[in-house]
Every structure is written in C-alpha cells, then in structure tokens.
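Everything below concerns the one structure shown next.
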Amino acid sequence: MKQKQQQQKMKQKKQKRQRKKHEHQRQQQVIKQKKQQQQRKKQQQRKKQQPQQMKQKQQRKKHQQQKQQQMMKQ
C-alpha cells in the first residue's frame, strides 16, 4: 500500500513539474511574440524615417572611422 501511495505522489510531483515547465514555455512564447510585434512596429517607423536615418548613419560612420584612426595612431 505504502509503495503505491508513494508512486502516486511521485507521479503528481512529476506532473506538476511538467506543468510548470509547460507554463514557462508558454510564457516565453508570449514574450517572444510581444517582442516581435514591437520590433515590427519599430521597423515600420524606421521606414518612415529612412532618409534621416541614412544621414545619421553616414555621420556615425565618419565618426567611427575617425575614432579608429585615433586608436591606430596610439
């Protein structure tokens, strides 16, 4: 009898753990989806700002090159 009870307990524990795991995975999935949605929004906004962004990018590139040259000098 006792052994049976213990097996039952173990089973329940296992199920609980798996359920927890499952919950966790589901939560992560939801988080992932939310992130993707946010990124999509960002990308759409970026498309609108593309021309400005390009300018900024080029300036940043210039800046980076200058930085590298300074590093090389040292």
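Heads up: the sequence shown runs through residues 1 to 74, numbered per the UniProt record's numbering. The beta carbon of each residue, even a glycine, is placed where N, CA and C say it ideally should be.
Whole angstroms are fine: how far does the CA of residue j sit from the CA of residue i?
{"i": "residue 38", "j": "residue 27", "result": "17 Å"}
{"i": "residue 33", "j": "residue 70", "result": "43 Å"}
{"i": "residue 7", "j": "residue 20", "result": "20 Å"}
{"i": "residue 63", "j": "residue 41", "result": "29 Å"}
{"i": "residue 61", "j": "residue 55", "result": "10 Å"}
{"i": "residue 48", "j": "residue 57", "result": "15 Å"}
{"i": "residue 45", "j": "residue 14", "result": "47 Å"}
{"i": "residue 18", "j": "residue 2", "result": "24 Å"}
{"i": "residue 68", "j": "residue 59", "result": "14 Å"}
Taking 8 Å as the CB-CB limit, is residue i close to chain B?
{"i": "residue 33", "result": "Among the protein chains of the structure shown there is no chain B, as only one such chain exists."}
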